[in-house]
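>
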Amino acid sequence: MLLSRKDCYDRMLDTVDVNILEGSSIRIRFRHAALVIDPGGQGSKTSADAVVFLDPSGNLDLSRVTDYRLIVKGAGEYEVGGVKIEGVRSNAGFIYNIIGDGLSVFLGKTQELSKLKEEVSTSPQVAILNVDSQLEPSIITKLEPKVSILYGSSKEDGVRALGKENIIPTKKTTILKDKLPLEMEVVMLG
Numbered sequence: 012m013l014l015s016r017k018d019c020y021d022r023m024l025d026t027v028d029v030n031i032l033e034g035s036s037i038r039i040r041f042r043h044a045a046l047v048i049d050p051g052g053q054g055s056k057t058s059a060d061a062v063v064f065l066d067p068s069g070n071l072d073l074s075r076v077t078d079y080r081l082i083v084k085g086a087g088e089y090e091v092g093g094v095k096i097e098g099v100r101s102n103a104g105f106i107y108n109i110i111g112d113g114l115s116v117f118l119g120k121t122q123e124l125s126k127l128k129e130e131v132s133t134s135p136q137v138a139i140l141n142v143d144s145q146l147e148p149s150i151i152t153k154l155e156p157k158v159s160i161l162y163g164s165s166k167e168d169g170v171r172a173l174g175k176e177n178i179i180p181t182k183k184t185t186i187l188k189d190k191l192p193l194e195m196e197v198v199m200l201g
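Numbering (my numbering), first residue to last: 12 to 201.
1. If I measure Cβ to Cβ from I48 and keep anything under 6 Å in the same chain, skipping five residues before and after, which residues do I get?
2. So, does the region 70 to 85 touch the region 152 to 160, judging by three or more C-beta pairs under 8 Å?
3. Buried or exposed: D209, going by 16 or more other Cβ atoms within 10 Å of its Cβ?
4. In the DSSP assignment, find the beta strand (DSSP E) that holds R38 and state where it starts and stops.
5. Residues in its own chain within less than 6 Å of M199 by CB, not counting five upstream and five downstream?
6. For the beta strand (DSSP E) holding A44, just list the boundary residues, first then last.
7. For L65, which option in I39, E90, G98, V116 has the closest C-alpha, if you only look at C-alpha atoms?
8. Compute the Euclidean distance between the alpha carbons of E196 and K175, then round it to the nearest angstrom.
9. Just to confirm my understanding: we take V142, look at its own chain, exclude 5 residues before and 5 after, and list those with CB closer than 6 Å. What are they?
10. Leaving out five residues before and five after G87 in sequence, what residues of the same chain have Cβ atoms less than 8 Å from its Cβ?
Rendered as structure tokens:
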């Protein structure tokens, strides 16, 4: 079956790229907007439309990001390049629901999630978690993502907690909306 140019273009639009930058900093790239999460470290500079902080009190470095138009470090609703970001306070930090290019993404730290067991009520297609403490599988089960992307200091422990073996760390992953797995897939960034 041949796809029309429009069909090819539409398929290209419903993708999200996630890559590790340095330490616990990642970049999420949608069609018209890129987000850098918790910039820091000694890596090279990267371009983004928005900078998102999971823990605004942490040691983070905005000088690592260029061209940003928006800084997200709190509860509220934000939008940049057609990507909607909803921040919710959770004790010392924040968790975010992000919707862009037809994909729903949950973003947070495991330390914050363990304190929000009862309050997490979203069903994202993708969960991106900074595994900075023990990952409780029941939280992932409640979220029901099609893809869980783990990064951070305890990512290997998080992969094991989800019952996965032999997951090889990758620098970048691409999520395609029309190719989401039937059963949850786990990706480890590192």
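Virtual Cβ for every residue (Gly too), placed ideally from N, Cα, C.
The answer reads as follows:
1. Taking the sequence shown and counting its residues from 1, one reaches residue 48 at position 37. Contacts found: I37, V63.
2. Proximity of the region 70 to 85 to the region 152 to 160 falls short of the contact definition, fewer than three beta-carbon pairs being nearer than 8 Å.
3. The structure shown has nothing for residue 209, since the chain only spans 12 to 201.
4. In the sequence shown, counting from the first residue as 1, residue 38 sits at position 27. 36 to 40 is the span of the beta strand (DSSP E), which, as asked, contains R38.
5. By one-based count along the sequence shown, residue 199 stands at place 188. For M199, where only same-chain residues beyond five positions count, the Cβ hits under 6 Å are L161, K166, V170, I178, P180.
6. The count along the sequence shown starts at 1 and reaches residue 44 at position 33. Unbroken run through A44: none, as it is neither H nor E.
7. Locating residue 65 in the sequence shown gives position 54, counting from the first residue. When only C-alpha atoms are compared, the closest one is G98.
8. Looking up residue 196 in the sequence shown gives position 185. Looking up residue 175 in the sequence shown gives position 164. Using only the alpha carbons, I get a separation of about 9 Å.
9. Position 131 of the sequence shown holds residue 142. Taking V142 as the centre and dropping the five residues before and after it, the same chain places the C-beta of T121, L161, G163, S165, K166, G169 closer than 6 Å to its C-beta, in chain order.
10. In the sequence shown, counting from the first residue as 1, residue 87 sits at position 76. Hits under 8 Å: E97, G98.
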